[in-house]
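Reviewing the structure listed below.
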């Protein structure tokens, strides 16, 4: 098989023993596909394997894991010269798989790997934060961030994405808004935000569509704020039913800046970033990704 049809699978160490994945990899190899496999053990492994993929000359780099693994691989791809940058493929193996689910990427390993190896490559946007961090799916702040970072691993393992929602209900007594100021082109807002969603993708926290109008190829980020007036009705109406109300502020922006009088935490595809100032901008057509024809994140 030509080297131009080969791929390298970077798989999160948690999924290395997945028998379905092993069988799917073997099936592709039996078909004559060249598929290298590397397993991450610690921070920085994915970036190192991305460099190795470039040296091998593979056409596709497959991120096997949850949203955090996809984030790490996608961010590392941006460091490569555009002319030698492999296409991103996705093998969903995380708890929530919010990016993959929103893209309609199959959750079965064999189908996902077939798509990752042979699917149509399309340019997609990434978001850059403070010139140093990235997200491919969503940045969330406020109560939603605390829930996703505090949800126990055992609960996630047992219940999957719904665990975030259940844990959130259990922690309703800890509802606390973050005071901040947000500005962007022709947009300015300041006040107390219970939930801040900045979406390149539509959903986070195990299936909650915080940014239902977001697309990954429109050159824009969808900002969605759940403000702190009438907290519980807003939470129910906006996150469960997807209904608009006076407690929700929305905007579509190519960039935005957030300033807060105290340290707040943003969750970038599952990875926390603390600070008092954030500049978030979209990078149009930053990388290519193999996606299904029915991907709902493409405009």
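In the UniProt record's numbering, the protein residues as written are 1 to 299.
Glycine residues also receive a C-beta, built at the ideal position from the N, C-alpha and C atoms.
- Within the DSSP secondary-structure output, residue 123 pairs in a beta bridge with 288.
- Residue 252 places its beta carbon less than 8 Å from that of residue 222.
- Under DSSP, residue 37 shares a beta bridge with 9.
- In the structure shown, residue 71 falls within a helical segment according to DSSP collapsed to helix, strand and coil.
- Using a C-beta cut-off of 8 Å, the stretch 284-293 makes contact with the stretch 114-134, since at least three inter-stretch Cβ pairs fall below that distance.
- A buried status is given to residue 202, since no fewer than 16 other beta-carbon atoms sit within 10 Å of its beta-carbon.
- Annotation: residue 119 to residue 292 spans about 7 Å, alpha carbon to alpha carbon.
- According to DSSP, residue pairing for residue 271 in a beta bridge involves 268.
- Under the DSSP assignment, residue 215 falls outside any beta strand (DSSP E); it carries neither an H nor an E label.
- Its Cα nearest to that of residue 66, the residue 12 stands out among 290, 59 and 12.
- For residue 138, the secondary structure class from DSSP, reduced to helix, strand or coil, is strand.
- With respect to the 8 Å criterion, residue 62 and residue 116 are classified as neighbours on the basis of their beta carbons.
- Between the beta-carbon of residue 260 and that of residue 179 there is about 7 Å, and that keeps the pair under the 8 Å contact cut.
- Secondary-structure assignment with DSSP links residue 50 through no beta bridge to anything.
- A distance below 8 Å separates the beta carbons of residue 224 and residue 210.
- By the beta-carbon neighbour count (other beta carbons within 10 angstroms, threshold 16), residue 111 is exposed.
- Ranking 78, 138 and 294 by CA distance to the CA of residue 204 puts 138 first.
- Per DSSP, reduced to three states, the secondary structure at residue 60 is strand.
- DSSP lists no beta-bridge partner residue for residue 14.
- Going by DSSP, residue 109 is part of the alpha helix (DSSP H) stretching over 109-118.
- Going by DSSP, residue 19 is part of the alpha helix (DSSP H) stretching over 19-30.
- With respect to the 8 Å criterion, residue 268 and residue 135 are classified as neighbours on the basis of their beta carbons.
- As the crow flies, the alpha-carbon of residue 38 is around 22 Å from that of residue 99.
- At the C-beta level, residue 271 and residue 87 stay beyond 8 Å of one another.
- Three or more beta-carbon pairs separated by less than 8 Å link the stretch 43-60 to the stretch 76-96, which places the two stretches in contact.
- For residue 95, the three-state secondary structure derived from DSSP is coil.
- Contact annotation: residue 122 and residue 247 have beta-carbon atoms that are not nearer than 8 Å.
- As the crow flies, the alpha-carbon of residue 207 is around 20 Å from that of residue 249.
- Between residue 196 and residue 142, the C-beta spacing is below 8 Å.
- The beta carbons of residue 76 and residue 47 sit about 4 Å from each other, so the pair counts as a contact at 8 Å.
- Ranked by Cα distance from residue 36, the first of 42, 49, 43 and 45 is 49.
- Taking the C-beta atoms as reference points, residue 64 is found no nearer than 8 Å to residue 105.
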